[in-house]
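Protein chains: 2
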Amino acid sequence: MKRKMECFSSKSTEERIREAAKRVFLEKGFDGATSRDIAEAAGINIALTNYYFRSKEKLFINIFEEMCELFFKGMIDIMNKSITLREKIAEIIAHDFRLMKENPSLSLFIMTEIHRNPDRMVNVLGGMKQIHHSMFEQQIQEAVKRGDIRPISAIHLMPMMVANVQFVFIGKAMHMKMWHMSEADFDAFVDKHQELVVEMITSFLFEFEKA
Amino acid sequence: MKRKMECFSSKSTEERIREAAKRVFLEKGFDGATSRDIAEAAGINIALTNYYFRSKEKLFINIFEEMCELFFKGMIDIMNKSITLREKIAEIIAHDFRLMKENPSLSLFIMTEIHRNPDRMVNVLGGMKQIHHSMFEQQIQEAVKRGDIRPISAIHLMPMMVANVQFVFIGKAMHMKMWHMSEADFDAFVDKHQELVVEMITSFLFEFEKA
DNA sequence: GTTTTTTTTAAACAAACGTTTAAAACATAC
DNA sequence: GTATGTTTTAAACGTTTGTTTAAAAAAAAC
Chain A
0 MKRKMECFSS KSTEERIREA AKRVFLEKGF DGATSRDIAE AAGINIALTN
50 YYFRSKEKLF INIFEEMCEL FFKGMIDIMN KSITLREKIA EIIAHDFRLM
100 KENPSLSLFI MTEIHRNPDR MVNVLGGMKQ IHHSMFEQQI QEAVKRGDIR
150 PISAIHLMPM MVANVQFVFI GKAMHMKMWH MSEADFDAFV DKHQELVVEM
200 ITSFLFEFEK A
Chain B
0 MKRKMECFSS KSTEERIREA AKRVFLEKGF DGATSRDIAE AAGINIALTN
50 YYFRSKEKLF INIFEEMCEL FFKGMIDIMN KSITLREKIA EIIAHDFRLM
100 KENPSLSLFI MTEIHRNPDR MVNVLGGMKQ IHHSMFEQQI QEAVKRGDIR
150 PISAIHLMPM MVANVQFVFI GKAMHMKMWH MSEADFDAFV DKHQELVVEM
200 ITSFLFEFEK A
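Quick look at the structure:
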C-alpha cells in the first residue's frame, strides 16, 4: 500500500512547516528567507522542508497562493454581495482595515513578490474570475447614471479604497520611525486614520456637485 | 603622493557601478541582487565593486541613502515653502506623481528595505530634521483654526496624500496583471487617476460641513 | 514479533554567494 | 627610459545556499 492515512505527526509536521514558512516568507520575502530559517522556525530538520514540499520554490508558491487568496478573496466576496453600493464601499474599507490589522505585512509581501515575479500571479488570477469586477463595475455605472455617485469607474475606485488602507501598513516601519511611534501609538493612529479615510472616500463619492 | 586626482576612468567607473547598482537594487532589492548582477550590469569585473565600495552592504547603503534623499527631499522642500496650504497640497501631490512616474519602483524599494531593516533609516532621519514637519503641522492647525480646512493633523494628512499616489506604483505590476494593461494603458490610467486624487484630497480638506 | 512502509535525521553535495588575493595593465612621476 | 602609484583582471578563497543521500527512528501492516 502506498499513500497512508494522514496520521497525527505527518499532518502536524507539514502544517508546522507551512506556518513557519508563512511567518518567515512574510517577514523576509522569498529572496531573504532561507530553507534553514524556515526549518529553524518550524523546529524541524532542514531536509523535511524538501521532503514535504519538493523545493523552496514550491513551498513558497504554496504559501504565496494562500496569501493571495487571503488578500483577494474577502474583498471579492463583498463585491459580489447583493447590497447597496454605499454599504459595499463601507464594508470593503472596513474589511481591508481588519485584514491589514491582522496581517500587517501581507500587502507589502504581495506587492513585492508580484513585482519581482509577475508571472506567479497568473495562476492566482485564473482562480478569481474577473467577471466579478465587471459586475461591480456595472453596479457603479448604474449608480453614476442615477446620479447617486460621482462619475468614476471601478478601476479608479478600487485602488482609491485600498491605497488609503494598505499604504499605512506598507509603510508601517517607516511611519513608526518617522513619528517615533510605539506599537500602541501605531494602533491608535490606524484607528483614527480609518475614520478619516471612510469619511474622505464616502464624501468624495456621494457628496459632489452634479454637472 | 597618495590620493590622485579624480581622473577620467576612475570617476566614470565608480559612477557606472553606482548607476548599475541603483538599477539592480531597485529592481531586485538587497537580498535579490548579487554582486555579480551588479558587476554584469555595469560591465565591469566583480572585484571592482569591492575595490570602490568595500562591500555589498556599503554599496547598498550608499544607494539607499541617495534614494531616501530622492524620496523625501523634494517633499520636505515643498513643505517648507512660504505658500498657502492649498498651493502646498497641490504641489505635494503633483510632485509625488512626477517623482513616481520617473521612478516607478522607488516607493516599493524604500518601503521594503525599511521594513526589512528599519535601523538603516536612522542615519537618513538625522539628515532631515523633523522640525520641518512641525512647521507644516503648525500651518495646518492655523488653517483649521481659521476654518479653512477640516480638522486634521499632518500625521494623517501626509499619508493620505502620498498613499493615493504611491500605492498605484507600489502595486503597478499587480494592477497591470489584474486589468490586462500595457505600459501605455498604465500611463493613461495614472494620468486619469491623478485628476481624481487631487479632486478627492482637496475637496475633502477644503469643502466640508463646519461644526 | 517480524516485515514493510513512512517519517526523521545527520551528513554531505554541487552551485552560488560575498570577498580577497596576487599579478597584470595602465597611468603618472622622475 | 625606470620607478611609483593606481586601476583592472582572473582566479581563488571560505561560507552559505538549496538540495540530496543513506541510514536511523517511528509507525503501520501482517
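If you read the sequences in order, they're chains A and B. Under numbering that gives the first Met the number 0, the first residue of the first sequence carries the number 0, and numbering increases by one thereafter. Under numbering that gives the first Met the number 0, the first residue of the second sequence carries the number 0, and numbering increases by one thereafter. For each residue, glycine too, the CB sits at the ideal point set by N, CA and C. Treat the numbers as computed from the prediction; the structure is a model and nothing was measured.
Q) According to the neighbour-count rule (16 or more other Cβ atoms, all chains shown, within 10 Å of its Cβ), is Lys-83(B) buried or exposed? A) Mapped onto the second sequence, residue 83(B) falls at position 84. It is worth fixing the name first, because residue 83(B) is Thr in this sequence and not Lys. That one is exposed.
Q. For Gly-125(B), does the count of other Cβ atoms within 10 angstroms reach 16, so buried, or fall short, so exposed?
A. For the purposes of this step, residue 125(B) is taken as residue 126 along the second sequence, with counting starting at 1. Gly-125(B) should be labelled exposed.
Q. Cβ of Leu-195(B) less than 8 Å from any chain A Cβ?
A. Reading the second sequence from its first residue, position 196 is the one you call residue 195(B). Yes, Leu-195(B) lies at the interface with chain A (some Cβ there is under 8 Å from its Cβ).
Q | Contact with chain A by Arg-115(B), beta-carbon distance below 8 Å | A | The residue given as residue 115(B) occupies position 116 in the second sequence. At least one chain A Cβ lies under 8 Å of Arg-115(B).
Q | Status (buried if at least 16 other CB within 10 Å, exposed otherwise) for Thr-111(B) | A | Working through the second sequence from its first residue, we reach residue 111(B) at position 112. By the 10 Å Cβ count, Thr-111(B) comes out buried.
(Q) Going by DSSP in three states, Pro-158(A) sits in which element: helix, strand or coil? (A) Sequence index remark: in the first sequence, residue 158(A) carries index 159 (1-based). Three-state result, Pro-158(A): helix.
Q. According to the neighbour-count rule (16 or more other Cβ atoms, all chains shown, within 10 Å of its Cβ), is Thr-48(B) buried or exposed?
A. In the second sequence, counting from the first residue as 1, residue 48(B) sits at position 49. Classification of Thr-48(B): buried, given that the 10 Å Cβ count is 16 or more.
Q: Check whether the stretch 34-53 of chain B touches the stretch 71-81 of chain B, taking contact to mean three or more Cβ pairs, one atom from each stretch, closer than 8 Å.
A: no
Q | Beta-carbon proximity list for Ala-32(B), same chain, < 7 Å, skipping 5 on both sides | A | Residue numbering aside, residue 32(B) sits at position 33 when the second sequence is read from its first letter. Once the five neighbours on either side are set aside, the close Cβ partners of Ala-32(B) are Val-23, Phe-24.
**Q.** Opening and closing residue of the alpha helix (DSSP H) in which Lys-87(A) lies
**A.** The residue you call residue 87(A) lines up with position 88 of the first sequence. Segment 84-101, the alpha helix (DSSP H) holding Lys-87(A).
Q. Quick one: Cα of Phe-203(A) to Cα of Ser-106(B), how far?
A. Numbered from its first residue, the first sequence carries residue 203(A) at position 204. Numbered from its first residue, the second sequence carries residue 106(B) at position 107. Taking the straight line joining both Cα atoms gives about 26 Å.
**Q.** Nearest-angstrom Cβ-Cβ length linking Cys-67(B) and Val-123(B), presumed shorter than 8 Å
**A.** Reading the second sequence from its first residue, position 68 is the one you call residue 67(B). Reading the second sequence from its first residue, position 124 is the one you call residue 123(B). Going by Cβ atoms, the distance from Cys-67(B) to Val-123(B) rounds to 4 Å, so yes, they are a contact pair.
Q. Hey, how far is the Cα of Asp-190(A) from the Cα of Gln-138(A)?
A. As a first step, residue 190(A) is located in the first sequence; it is residue number 191 there, counting from the start. As a first step, residue 138(A) is located in the first sequence; it is residue number 139 there, counting from the start. Taking the straight line joining both Cα atoms gives about 29 Å.
Q. Within the 8 Å Cβ cut-off, does Val-189(B) reach chain A?
A. As a working mapping, residue 189(B) is identified with position 190 in the second sequence. Judged by the 8 Å Cβ criterion, Val-189(B) is not in contact with chain A.
Q) Does any C-beta atom of chain A lie closer than 8 Å to the C-beta of Ser-202(B)? A) Taking the second sequence and counting its residues from 1, one reaches residue 202(B) at position 203. Judged by the 8 Å Cβ criterion, Ser-202(B) is in contact with chain A.
Q: Could you work out which residues of chain A lie near Val-111(B), taking near to mean beta carbons separated by less than 7 Å?
A: Counting from one through the second sequence, the residue named residue 111(B) turns up at place 112. Residue identity differs from the one stated: residue 111(B) is Thr in this sequence, not Val. Residues of chain A passing the Cβ test: Leu-107, Thr-111.
Q: Could you tell me whether the Cβ of Ala-19(B) comes closer than 8 Å to any Cβ of chain A?
A: The count along the second sequence starts at 1 and reaches residue 19(B) at position 20. Answer no: the Cβ-Cβ gap between Ala-19(B) and chain A never drops below 8 Å.
Q) In its own chain, which residues sit with a C-beta less than 6 Å from the C-beta of Lys-55(A), not counting the 5 before and 5 after it? A) For the purposes of this step, residue 55(A) is taken as residue 56 along the first sequence, with counting starting at 1. Cβ neighbours of Lys-55(A) beyond the five flanking positions: Ser-34.
Q. Exposed or buried, Ser-104(B), counting other C-beta atoms within 10 Å across all chains shown (16 or more means buried)?
A. Taking the second sequence and counting its residues from 1, one reaches residue 104(B) at position 105. Classification of Ser-104(B): buried, given that the 10 Å Cβ count is 16 or more.
Q: Measure from the alpha carbon of Leu-98(A) to the alpha carbon of each residue in Asn-61(A), His-114(A), Phe-71(A), then state which is nearest.
A: For this step, residue 98(A) is matched to residue 99 along the first sequence. Comparing Cα-Cα distances from Leu-98(A) to each of Asn-61(A), His-114(A), Phe-71(A), the minimum goes to Phe-71(A).
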